[in-house]
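Numbering (the numbering used here), first residue to last: 116 to 248.
The beta carbon of each residue, even a glycine, is placed where N, CA and C say it ideally should be.
These numbers come from a predicted model, not from an experiment.
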Amino acid sequence: MQINISTSKNNQLVNITNDVQSAVAKTGISDGICFVHIAHTTAGITINENADPDVVRDILLSLDDIVKELPGFRHYEGNSSAHVKSSLMGNSASVPFKNGKLQLGTWQGIYFCEFDGPRSRKAWVTCIAEGKM
Ligand code: ZN
């Protein structure tokens with residue numbers, strides 16, 4: 116199942132937990148594992164705190180500090196830092212679900228990480244029933 120994500124900033128974390136939860140519910144599978152994958156090279160997926168929005172802000176601030184635009188970069192698109200951030204965050208996450216509910220911690224959310232926005236993006240959600248893996 117595909118999730119559409121519209122980002123509004125160059126660097127942004129978008130909480131897609133509700134979209135992923137809805138995709139799981141639509142499968143009708145009770146127990147299993149949910150894979151979230153993005154087919155983008157300048158974006159990422161991560162699971163982190165959903166309570167204090169300053170955590171998301173601090174993650175973006177830290178990534179900006181870790182990944183600098185280097186004068187030696189050669190990539191013709193000029194967005195090498197976005198590619199590096201994408202690799203640091205990874206492009207997939209997997210979450211088990213029970214009784215159709217994602218087994219995330221109370222403070223966990225699934226975030227789409229935009230590093231070269233704003234853009235229209237997509238994530239793929241694939242669920243496998245427990246015992247059929
Ligand atoms: Zn590029």
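Of the listed residues the options, nearest to residue i (C-alpha basis)
i, options, result
"A238", "N206, Q223, K216", "N206"
"M204", "I243, I225, N165, F212", "I225"
"Q217", "D169, F150, G246, N126", "What sits at residue 217 in the sequence shown is Leu, not Gln. Ranking D169, F150, G246, N126 by Cα distance to L217 puts F150 first."
"M200", "I120, Q127, Q223, N119", "The sequence as given places Lys at residue 200; Met does not occur at that position. The candidate whose alpha carbon is nearest that of K200 is Q127."
"L175", "A208, G220, I148, A158", "A158"
"N194", "P186, W222, N165, D231", "D231"
"A154", "I181, E229, W222", "E229"
"A140", "F227, W222, L219, F212", "F212"
"Q223", "Q136, I120, N119", "Q136"
Whole-angstrom distance between residue j and residue i, CA atom to CA atom
i, j, result
"R236", "V210", "21 Å"
"T132", "M116", "14 Å"
"N125", "A244", "37 Å"
"H152", "V240", "7 Å"
Whole-angstrom C-beta distance between residue j and residue i, which should lie under 8 Å
i, j, result
"I184", "S196", "The sequence given here places Glu at residue 184; Ile does not occur at that position. Their Cβ separation, rounded to whole angstroms, is 5 Å, which keeps E184 and S196 in contact under 8 Å."
"I120", "V129", "6 Å"
Short Cβ contact (8 Å threshold) for residue i with residue j
i, j, result
"T156", "R234", "no"
"A208", "I162", "yes"
"I181", "F227", "no"
Practice task
Please list the segments of the alpha helix (DSSP H) lying wholly inside the stretch 174–202, counting only runs of 4 or more residues, in order along the chain.
Solution key: none
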